[in-house]
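**Student:** Okay, handing you the structure first.
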């Protein structure tokens, strides 16, 4: 029997949902990142046999093209989610390694500090993996890989 080993999650439609239901962007991003995404990570990586989870957090294009006003609610919510994950001993004490993949140099300093701490704290964990695609763009990733080769 085949077993699911790697799951990719691409959340979409948060702004449209917020607009349709007259919810602030701060609220919708906080609910999705801090509550829903953290619970999803805990469930998948602690309660299932899935070994690897990848979550698309924000595209490189959005980081480069959106205004600070549009990005701040996203960055604040995601930073809060990463801080919450870092405090969860069930995840961080040898069970899950957190990786951040993307053009992190274009992200805010606070965001980078938080993701660096979480990645560093869990770098030796080998049981399961959680990848976050942050400021990620597949085409840019391929170009950078080819340049390195």
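In this note's numbering, the protein residues as written are 34 to 182.
Note that CB positions come from ideal geometry on N, CA and C, so glycine has one too.
Measuring CA to CA, which of 172, 117, 170 is closest to residue 69?
**Tutor:** Working through the chain shown from its first residue, we reach residue 69 at position 36. That would be 117, whose Cα lies nearest to the Cα of residue 69.
**Student:** Quick one: complete alpha helix (DSSP H) runs, 4+ long, within the region 70-121?
**Tutor:** If we require 4 residues or more, the alpha helix (DSSP H) runs fully inside the region 70-121 come out as 71-80, 93-98, 101-120.
**Student:** For a test of the three-state rule: what should DSSP assign to residue 157, helix, strand or coil?
**Tutor:** Here residue 157 refers to the residue found at position 124 when the chain shown is read from its first residue. Coil at residue 157, not helix or strand.
**Student:** Given a cut-off of 8 angstroms on the beta-carbon distance, is the pair residue 77 and residue 40 in contact?
**Tutor:** Position 44 of the chain shown, counting from 1, holds the residue named residue 77. Position 7 of the chain shown, counting from 1, holds the residue named residue 40. Closer than 8 angstroms, so yes.
**Student:** So what does DSSP say about residue 130, is it helix, strand or coil?
**Tutor:** Along the chain shown, read from residue 1 onward, the residue named residue 130 stands at position 97. Three-state result, residue 130: strand.
**Student:** What does DSSP give as the partner residue(s) for residue 162 in the beta ladder?
**Tutor:** Taking the first residue of the chain shown as position 1, residue 162 is located at position 129. According to DSSP, which records beta bridges pairwise, residue 162 is partnered with 85, 130.
**Student:** On the CB-based measure, 16 or more other CB atoms within 10 Å of its CB, does residue 161 come out buried or exposed?
**Tutor:** In the chain shown, residue 161 corresponds to position 128, counting from 1. Buried, by the Cβ-count rule.
**Student:** By how many angstroms is the C-alpha of residue 163 removed from the C-alpha of residue 74?
**Tutor:** Indexing the chain shown from 1 puts residue 74 at position 41. Indexing the chain shown from 1 puts residue 163 at position 130. Cα to Cα, the separation comes out at about 8 angstroms.
**Student:** Would you check whether the ligand GDP has a heavy atom nearer than 7 angstroms to the C-beta of residue 66?
**Tutor:** No copy of the ligand GDP appears in this structure; indeed no ligand is present at all.
**Student:** Assuming residue 170 and residue 55 form a contact by the criterion Cβ under 8 angstroms, report the distance between their Cβ atoms to the nearest whole angstrom.
**Tutor:** Along the chain shown, one-based indexing puts residue 170 at 137. Along the chain shown, one-based indexing puts residue 55 at 22. That pair is no contact at about 32 angstroms.
**Student:** For residue 41, name the three-state secondary structure that DSSP assigns.
**Tutor:** One-based indexing of the chain shown puts residue 41 at position 8. Strand.
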